[in-house]
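Asks:
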Amino acid sequence: MTDPFAPRKTRAAEWFRTLRDRIVTAFEGLEARATAEGAAPIRFELRPTRRTGPDGEDQGGGLMSVLRGGQVFEKVGVNVSAVHGTLSPEASRAMAERGVPGIAGDPRFWASGISLVAHMRNPHAPAVHMNTRMFWTPGAWWFGGGTDLNPCIEYPEDTAAFHDTLRLACDAHDPAYYPRFKDWADRYFYIPHRHRARGVGGIFYDDLNTGDWEADFAFTRAVGEAFLPAFLPLAERRFATPATEADRETQLIHRGLYAEYNLVYDRGTKFGLATGHDAEAVLMSLPPLAMWR
């Protein structure tokens, strides 16, 4: 049977891969500018990822791109994937509780997206997360994603610049999006057991289906396109700021908060592990080093 949604799935998956390529090129360029003359800059390591079904059948995959030990990035991962299969009873039940129609009777799914987490070398440079994705089931489709800034040493002007760029991207599509999705990010990226946010926020949205696929895809592209203008100037501004041992300890303790959130609360981490995706790719978001007192 022909899948009428196949062309849209292809377009979405190709866009996420294109965005991945642009970000990797930009990050490698920043590393090259930060590397001493005559030295070879660190580059991304690439590894294909695969998803296999319970009987070993191919269910898609993607590309895991990780740069470690750079002058700017201590560890940054940029993953893309396009996977399909059948949701587990637990996952389909969770989606049914969210109101996804028909999922209990037909738990097939297709999903594609890009996921990025950057942990910086310099404590004065903010860590950052970004992802955008499309999800399809026989009864529904939707987009989701967002980005949030996670400085361990906050510079208010950096926070303001990051949010201003996201506001402009949202306002071009719907003036109600930025306040709505900023509030969503503030609630989503919150660590209940610490009674605090994990960073200074950004935007987050899920289940975006206005009934106009083209409009929702265009907005999701705009979120992805806003990422480099929002983040790259901050990384470039802060990567060479003088830092102390106390600054490094502050950074490592803050990374502990990030790890706690991603392992305990992050919905994407839970979904990836529960649906059998490549564990290394799912856990790419974790920092290379962290500290707890």
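Going from the sequence shown to the numbering used here is simple: count from 1 and add 8. Glycine is no exception: its CB is placed at the ideal position from the N, C-alpha and C atoms.
So, are the CB atoms of residue 104 and residue 68 less than 7 Å apart?
Replies: Along the sequence shown, read from residue 1 onward, the residue named residue 104 stands at position 96. Along the sequence shown, read from residue 1 onward, the residue named residue 68 stands at position 60. Their beta carbons are not under 7 Å apart, which means residue 104 does not touch residue 68 by this criterion.
Asks: Below 7 Å between beta carbons: does that hold for residue 280 and residue 290?
Replies: On the sequence shown, residue 280 is found 272 positions in, with the first residue counted as 1. On the sequence shown, residue 290 is found 282 positions in, with the first residue counted as 1. Contact flag set, yes.
Asks: Using only the alpha-carbon positions, how far apart do residue 202 and residue 267 sit?
Replies: Stepping through the sequence shown from its first residue, residue 202 is reached at position 194. Stepping through the sequence shown from its first residue, residue 267 is reached at position 259. Each residue's alpha carbon lies about 13 Å from the other.
Asks: From residue 178 to residue 227, what does the alpha carbon distance come to, in whole angstroms?
Replies: Residue numbering aside, residue 178 sits at position 170 when the sequence shown is read from its first letter. Residue numbering aside, residue 227 sits at position 219 when the sequence shown is read from its first letter. Looking at the two C-alpha atoms, the distance is approximately 8 Å.
Asks: Return the first residue and the last residue of the beta strand (DSSP E) that residue 59 is part of.
Replies: By one-based count along the sequence shown, residue 59 stands at place 51. Taken as a continuous stretch (DSSP letters only), the beta strand (DSSP E) holding residue 59 covers 53-60.
Asks: For the alpha helix (DSSP H) holding residue 92, just list the boundary residues, first then last.
Replies: In the sequence shown, the residue the question calls residue 92 occupies position 84. Note, residue 92: premise wrong, no alpha helix (DSSP H); beta strand (DSSP E) at 81-94.
Asks: Could you compute how far the alpha carbon of residue 216 sits from the alpha carbon of residue 60?
Replies: As a working mapping, residue 216 is identified with position 208 in the sequence shown. As a working mapping, residue 60 is identified with position 52 in the sequence shown. Whole-angstrom Cα-Cα distance: 28 Å.
Asks: Quick check on the DSSP output: the beta strand (DSSP E) that includes residue 211 runs from which residue to which?
Replies: One-based indexing of the sequence shown puts residue 211 at position 203. 209-216 is the span of the beta strand (DSSP E), which, as asked, contains residue 211.
Asks: Would you kindly work out how many angstroms separate the C-alpha atoms of residue 72 and residue 87, rounded to a whole number?
Replies: Counting from one through the sequence shown, the residue named residue 72 turns up at place 64. Counting from one through the sequence shown, the residue named residue 87 turns up at place 79. C-alpha separation (whole angstroms): 5 Å.
Asks: Can the beta-carbon of residue 260 be found closer than 7 Å to that of residue 292?
Replies: As a first step, residue 260 is located in the sequence shown; it is residue number 252 there, counting from the start. As a first step, residue 292 is located in the sequence shown; it is residue number 284 there, counting from the start. No, Cβ-Cβ distance for residue 260 and residue 292 is not below 7 Å.
Asks: Cα separation between residue 183 and residue 171?
Replies: Working through the sequence shown from its first residue, we reach residue 183 at position 175. Working through the sequence shown from its first residue, we reach residue 171 at position 163. In a straight line, the C-alpha of residue 183 is about 14 Å away from that of residue 171.
Asks: In the structure shown, what three-state DSSP assignment does residue 270 receive?
Replies: Position 262 of the sequence shown, counting from 1, holds the residue named residue 270. In this structure, residue 270 counts as helix in the three-state DSSP scheme.
Asks: Is it right to say residue 301 is buried, meaning 16 or more other beta carbons lie within 10 angstroms of its own, or is it exposed?
Replies: Residue mapping note: residue 301 aligns to position 293 of the sequence shown, counting from 1. Residue 301 is exposed by the Cβ-count criterion.
Asks: So what does residue 293 bridge to, in DSSP terms?
Replies: Taking the first residue of the sequence shown as 1, we reach residue 293 at position 285. Residue 293 is not bridged to any residue.
Asks: Just curious, the alpha helix (DSSP H) that residue 300 is in, first and last residue?
Replies: Reading the sequence shown from its first residue, position 292 is the one you call residue 300. It is not in any alpha helix (DSSP H) - residue 300 carries neither H nor E in the DSSP assignment.
Asks: Which residues bound the alpha helix (DSSP H) around residue 166?
Replies: Working through the sequence shown from its first residue, we reach residue 166 at position 158. It spans 164-179 - the alpha helix (DSSP H) in which residue 166 sits, taken as one unbroken run.
Asks: Would you call the CB atoms of residue 230 and residue 211 closer than 7 Å?
Replies: Start at 1 with the first residue of the sequence shown, and residue 230 comes out as number 222. Start at 1 with the first residue of the sequence shown, and residue 211 comes out as number 203. Contact flag unset, no.
Asks: Can the beta-carbon of residue 269 be found closer than 7 Å to that of residue 161?
Replies: Here the question's residue 269 lines up with position 261 in the sequence shown. Here the question's residue 161 lines up with position 153 in the sequence shown. Their beta carbons are not under 7 Å apart, which means residue 269 does not touch residue 161 by this criterion.
Asks: Between the Cα of residue 78 and those of 176, 20, 53 and 186, spot the shortest distance and give me the residue it belongs to.
Replies: For the purposes of this step, residue 78 is taken as residue 70 along the sequence shown, with counting starting at 1. Comparing Cα positions, the closest option is 53.
Asks: Quick check on this structure: which residue in 126, 274, 96 and 99 has the alpha carbon closest to the alpha carbon of residue 31?
Replies: Taking the first residue of the sequence shown as 1, we reach residue 31 at position 23. The shortest C-alpha separation from residue 31 is found at 126.
Asks: How many angstroms separate the CA atom of residue 305 from the CA atom of residue 241?
Replies: As displayed, the chain neither begins before 9 nor continues past 301, which places residue 305 out of reach and without an answer.
Asks: Tell me where the alpha helix (DSSP H) around residue 8 begins and ends.
Replies: Outside the modelled stretch of the chain, which goes from 9 to 301, sits residue 8, for which no answer is possible.
Asks: Tell me which residues share the same chain as residue 23 and place their Cβ nearer than 7 Å to its Cβ, disregarding the 5 neighbours each side in the sequence.
Replies: By one-based count along the sequence shown, residue 23 stands at place 15. 229.
Asks: Which residue spans inside the region 12-73 form an unbroken alpha helix (DSSP H) run of at least 4?
Replies: 14-42
Asks: By the DSSP assignment, the beta strand (DSSP E) with residue 229 in it spans what residues?
Replies: Sequence index remark: in the sequence shown, residue 229 carries index 221 (1-based). First-last for residue 229: 221-246, but that is the alpha helix (DSSP H), not the beta strand (DSSP E).
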